[in-house]
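Undergrad:
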Amino acid sequence: MKVAVRMFVAFVMIAGVMPTVASAHGSGASLEKEVGAYEIDIGYDPDAPVGGDRIVFDFALTEKSTGPSIDFDYAWVRLLDEKDTLLATAVHKAAIGPTSLLYTLPREISGDVTLSVRYQKGDTLLAEAEF
Numbered sequence: 169m170k171v172a173v174r175m176f177v178a179f180v181m182i183a184g185v186m187p188t189v190a191s192a193h194g195s196g197a198s199l200e201k202e203v204g205a206y207e208i209d210i211g212y213d214p215d216a217p218v219g220g221d222r223i224v225f226d227f228a229l230t231e232k233s234t235g236p237s238i239d240f241d242y243a244w245v246r247l248l249d250e251k252d253t254l255l256a257t258a259v260h261k262a263a264i265g266p267t268s269l270l271y272t273l274p275r276e277i278s279g280d281v282t283l284s285v286r287y288q289k290g291d292t293l294l295a296e297a298e299f
């Protein structure tokens with residue numbers, strides 16, 4: 169699902185004041201989506217990023233019904249606006265602590281922004297989603 173930057177910032181601001189569900193992240197906001205038997209959880213900080221900000225993304229994959237973390241090798245991550253691919257990279261699962269990515273947003277972003285993630289275990293696709 170594509171989200172306009174202004175709508176994304178509004179969502180982030182609203183999500184910051186609503187009661188939060190337990191997630192794998194200690195601070196910041198979270199994007200969550202249930203996919204099959206899994207829940208994709210992408211935490212990010214700051215809560216309301218704007219162009220030029222440095223964002224920390226944390227990637228987690230859990231079982232929907234019981235909550236334990238799912239073992240994955242890497243998350244394939246793409247961040248796109250209407251004109252360009254802003255980021256496309258693999259983020260390998262950390263042995264200790266959260267699986268994180270630090271990214272600096274461009275100062276100018278064109279229109280809608282899409283964040284895509286695909287969790288892989290070797291050649292096996294575990295879950296994927298777009299936000």
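Residue numbers (our numbering): 169 to 299. For glycine and all other residues, C-beta sits at the position ideal for the given N, C-alpha and C. Since the structure is predicted, the reported quantities are computational estimates derived from the model, not experimental observations.
A190 to P236, Cα distance in whole Å?
TA: With a pLDDT of 41 at A190, under the threshold of 50, the modelled position of that residue is not reliable, and the figure given next carries that caveat. Distance between the alpha carbons of A190 and P236 is about 12 Å.
Undergrad: Between the beta-carbon of A263 and the beta-carbon of V203, is there less than 9 Å?
TA: It is not a contact, given that the beta carbons lie outside the stated cut-off.
Undergrad: Compute the Euclidean distance between the alpha carbons of E207 and A258, then round it to the nearest angstrom.
TA: Taking the straight line from one Cα to the other gives about 19 Å.
Undergrad: In this structure, how does DSSP classify S284 when only helix, strand and coil are distinguished?
TA: If DSSP states are grouped into helix, strand and coil, S284 belongs with the strands.
Undergrad: Considering only their Cβ atoms, is the gap separating L247 from Y271 smaller than 9 Å?
TA: Yes, Cβ-Cβ distance for Y271 and L247 is below 9 Å.
Undergrad: For L248, name the three-state secondary structure that DSSP assigns.
TA: Reduced to three states, the DSSP call for L248 is strand.
Undergrad: Starting from R222 and walking both ways along the beta strand (DSSP E), at which residues does that stretch end?
TA: Where R222 is concerned, the enclosing beta strand (DSSP E) stretches over 222-231.
Undergrad: Opposite S237 in the DSSP bridges: which residues?
TA: According to DSSP, which records beta bridges pairwise, S237 is partnered with T230.
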